[in-house]
Amino acid sequence: MTDTTNRLAHALPKRSELRKEHTWDLEDMFPTVADWEAAYKKTEARKGELESYRGRVGSSAATLLEALTLQDEISGEANRINVYAYLRRAEDATNATSAALADRAGNLGSALGAAAAYIEPEILALDPETLAGYITSEPGLAAYQQYFDKLGRMREHVRSAEVEELMAQAANVMGGFGAVRSALENADLDLGTITDSDGNDVQLSQGNLSHYLHDTDREVRRTAWISAADAYLGMKNTFAGTLAGGVKRDVFNMRARKFSSSLEASLYPNAIPTEVFHNLIVTVWKNLPTWHKYFAIRRRVLGLDVHHEWDITAPLTTNGPEIPFEQGMEIILESLAPLGEEYVEIVRQGVADRWVDPYANVGKGGGAFSAGTPGTFPYISMSYQNDLSSVSTLTHELGHSLHSYYTWQNQPEGYSHYTMFAAEAASNMHQALLGAHLFGQERDRAFQIAMIEERMGNHLRYFFTMPILAKFELDCHERVERGEALTADSMIETLAGIYQDAYGGQVEVDEQRMGITWARFPHLFANFYVFQYATGISAAAAMGSNVLDEGQPAADRYLNFIKAGDSQFPIDALRAAGIDMRDPAPIQAAFDILAGYVDRLDALTRD
Numbered sequence: 009m010t011d012t013t014n015r016l017a018h019a020l021p022k023r024s025e026l027r028k029e030h031t032w033d034l035e036d037m038f039p040t041v042a043d044w045e046a047a048y049k050k051t052e053a054r055k056g057e058l059e060s061y062r063g064r065v066g067s068s069a070a071t072l073l074e075a076l077t078l079q080d081e082i083s084g085e086a087n088r089i090n091v092y093a094y095l096r097r098a099e100d101a102t103n104a105t106s107a108a109l110a111d112r113a114g115n116l117g118s119a120l121g122a123a124a125a126y127i128e129p130e131i132l133a134l135d136p137e138t139l140a141g142y143i144t145s146e147p148g149l150a151a152y153q154q155y156f157d158k159l160g161r162m163r164e165h166v167r168s169a170e171v172e173e174l175m176a177q178a179a180n181v182m183g184g185f186g187a188v189r190s191a192l193e194n195a196d197l198d199l200g201t202i203t204d205s206d207g208n209d210v211q212l213s214q215g216n217l218s219h220y221l222h223d224t225d226r227e228v229r230r231t232a233w234i235s236a237a238d239a240y241l242g243m244k245n246t247f248a249g250t251l252a253g254g255v256k257r258d259v260f261n262m263r264a265r266k267f268s269s270s271l272e273a274s275l276y277p278n279a280i281p282t283e284v285f286h287n288l289i290v291t292v293w294k295n296l297p298t299w300h301k302y303f304a305i306r307r308r309v310l311g312l313d314v315h316h317e318w319d320i321t322a323p324l325t326t327n328g329p330e331i332p333f334e335q336g337m338e339i340i341l342e343s344l345a346p347l348g349e350e351y352v353e354i355v356r357q358g359v360a361d362r363w364v365d366p367y368a369n370v371g372k373g374g375g376a377f378s379a380g381t382p383g384t385f386p387y388i389s390m391s392y393q394n395d396l397s398s399v400s401t402l403t404h405e406l407g408h409s410l411h412s413y414y415t416w417q418n419q420p421e422g423y424s425h426y427t428m429f430a431a432e433a434a435s436n437m438h439q440a441l442l443g444a445h446l447f448g449q450e451r452d453r454a455f456q457i458a459m460i461e462e463r464m465g466n467h468l469r470y471f472f473t474m475p476i477l478a479k480f481e482l483d484c485h486e487r488v489e490r491g492e493a494l495t496a497d498s499m500i501e502t503l504a505g506i507y508q509d510a511y512g513g514q515v516e517v518d519e520q521r522m523g524i525t526w527a528r529f530p531h532l533f534a535n536f537y538v539f540q541y542a543t544g545i546s547a548a549a550a551m552g553s554n555v556l557d558e559g560q561p562a563a564d565r566y567l568n569f570i571k572a573g574d575s576q577f578p579i580d581a582l583r584a585a586g587i588d589m590r591d592p593a594p595i596q597a598a599f600d601i602l603a604g605y606v607d608r609l610d611a612l613t614r615d
């Protein structure tokens, strides 16, 4: 039994029990908490500098540049403070000291945001011709052209300086719902105890739940799935209160900024047409028969009369490969070769420099993410479990991290935080290359089935579950916009109904336990984020095919895309890379690839 398997089968280690090389290097940001405290106090003291330009931002080109430069500088300092605190809390939500740091970092960000809230209204108060003249006369302002263009789009939606300051002050309070949900899930929620296939009693956690949901023993999967679902159901009203609060926040911001819907309010600032969202939902629902065929194949292979939710994650082969972290990294590096030697070496060095926090521990969330800001590493948190799925998750997060790395190397602070829409294209690009690399090798039947299962598992999450959640999210926002209440029971009923429709009778739906699964997705607190996983996997499939077919020219287009950061609108950046996401064609093309996986799986399991 490997170290990782031991870690999963028995009690998770405390954070302090992990080997240093198996943790991320947060000391690269701040060697000690005392250093963080010093940076916090220094940045907090600069609030007055931010406020010093009030009433004179637009008085001259030089003053405008000074104000924007100062705002970027202080924002960069605050972001480093926030990232450190956020990651300390993420590595162990039971650590009260780390939780306090994160809370203080949030308060600092809110205070600085309020102090700078007057800047954009004062810029918008300038006559457009005057602003154009400033840009012409002051070369330093040319770097802010995209910022001015985005701000100009928001002219009708930016309020007075007084209102903007009030909204900035309220942002930290309204953003607290997600933090409450995170603390509830990662620190307080007891997922229960199950018996594994060896007869051991196992305490379920966010870090090991996925492992048991993929167990070959159906009873282990069933009890793990039910135990976790019942834990969330036991706290359904609290989870519902946090999600309802997040939706109400979105609707408040929509109305305060005079948009016609929460969806429009979310997408408009980044020039993403709402039809991109609606095209996705329509195209996914049109292609549901592909998913129905896949579920039918699984039922046949597993020999089931009834296909339950806990069977969706059942392995179709018991001979799937075991892949330790180091071997997984070598596979990833090989798969990224089409993007060039420099790219591969950056990934290799990043892992050596401890960007990655790979293993589970008490208090660490079960999900995976990449996080950072200019001046830090692009860190990765995950729970690596020695399987193909973990390799895929790792390369997905490395896609985010390399996106961040290239953006930070090529863009100023103001353009260093790319949109979510662009982010998921980069992360899924890595997975597309991983799939192509592994499918291109001569492997035995069991490995081929395991590889298809990994690809299908990834698509199940991003091309089935996330669109379902997107439809659910839209329904929640529209109900609040109409003045209706969001209760735990109504949300459970809504999501269960969407799943019932999407499964098409191929999977038995437990209304209560399946309906509560919205509580497991913190993504729903990032306003209309979940649909962007599906658009991202579609764009990535197209870019990956282009790189493999065309070679260096397409690789260069991709590298230019991840260098762009927020200096272009995401739709424009993807068009420059050769992908037009305003057209449903890339989504349909991705479904065509998915259908090929299903057909290949059908053939492999009939031999």
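Number 488 in our numbering belongs to position 480 of the sequence shown; there are no gaps in the numbering.
Glycine included, each C-beta is placed from N, C-alpha and C at the ideal position.
By the neighbour-count criterion, in which 16 or more other beta carbons inside 10 Å mark a residue as buried, residue 63 falls on the exposed side. Here residue 377 carries a strand assignment [DSSP, helix/strand/coil]. Under the three-state reduction of DSSP, residue 364 is assigned to strand. Note: residue 389 is bridge-paired with 365, 377 in the DSSP secondary-structure output.
Collapsing the DSSP output to three states places residue 188 in a helix.
One Cα belongs to residue 174, the other to residue 269, and the distance between them is close to 22 Å.
Bounds of any alpha helix (DSSP H) do not take in residue 203; it lies within the beta strand (DSSP E) bounded by 201-203. Under DSSP, residue 591 forms no beta bridge with any residue. Rounded to whole angstroms, the gap between the alpha carbons of residue 54 and residue 116 is 11 Å. In this chain, residue 210 is not harboured by any alpha helix (DSSP H); it is covered by the beta strand (DSSP E) spanning 209-211. Looking at the backbone, the Cα of residue 35 and that of residue 388 are separated by about 15 Å. Here residue 239 carries a helix assignment [DSSP, helix/strand/coil].
In the structure shown, residue 288 falls within a helical segment according to DSSP collapsed to helix, strand and coil. Between residue 391 and residue 408, the CB-CB gap reaches or exceeds 8 Å.
Listed in chain order, the alpha helix (DSSP H) runs fully inside the region 126-158 are 127-132, 136-145, counting runs of at least 4 residues.
Distances from the CA of residue 40 to each of 506, 86, 92, 26 were compared; the closest alpha carbon is that of 92. Taking all protein chains in view, the Cβ of residue 68 is surrounded by fewer than 16 other Cβ atoms within 10 Å, so the residue is classified as exposed.
DSSP places residue 60 in the coil class of the three-state scheme, outside both helix and strand.
With fewer than 16 other beta carbons inside 10 angstroms of its own, residue 335 counts as exposed.
The DSSP-derived three-state label of residue 473 is helix. The Cβ atoms of residue 524 and residue 324 lie no closer than 8 Å to each other. Bounds of the alpha helix (DSSP H) holding residue 245 are 244-264. Classified as exposed, residue 314 has fewer than 16 neighbouring CB atoms from the shown chains inside 10 Å of its CB. Annotated three-state conformation of residue 31 is coil, per DSSP. Counting along the chain, residue 24 sits inside no alpha helix (DSSP H), nor does DSSP assign it H or E at all. Between the beta-carbon of residue 520 and that of residue 500 there is about 6 Å, and that keeps the pair under the 8 Å contact cut. Comparing C-alpha distances from residue 465 to each of 303, 84, 190 shows the shortest one belongs to 303. For residue 220, the uninterrupted alpha helix (DSSP H) segment begins and ends at 217-221. Annotation: the continuous alpha helix (DSSP H) that includes residue 462 extends over 453-468.
Here residue 468 is not near residue 438, since their CB atoms are 8 Å or more apart. Rounded to whole angstroms, residue 216 and residue 333 show a C-alpha spacing of 16 Å. In this structure, the straight-line span from the alpha carbon of residue 87 to that of residue 51 is close to 10 Å. Annotation: residue 328 to residue 458 spans about 6 Å, alpha carbon to alpha carbon. Between residue 533 and residue 97, the C-beta gap is not smaller than 8 Å, which leaves the two residues out of contact. With contacts defined by Cβ atoms closer than 8 Å, residue 403 and residue 340 form a contacting pair.
Classified as exposed, residue 310 has fewer than 16 neighbouring CB atoms from the shown chains inside 10 Å of its CB.
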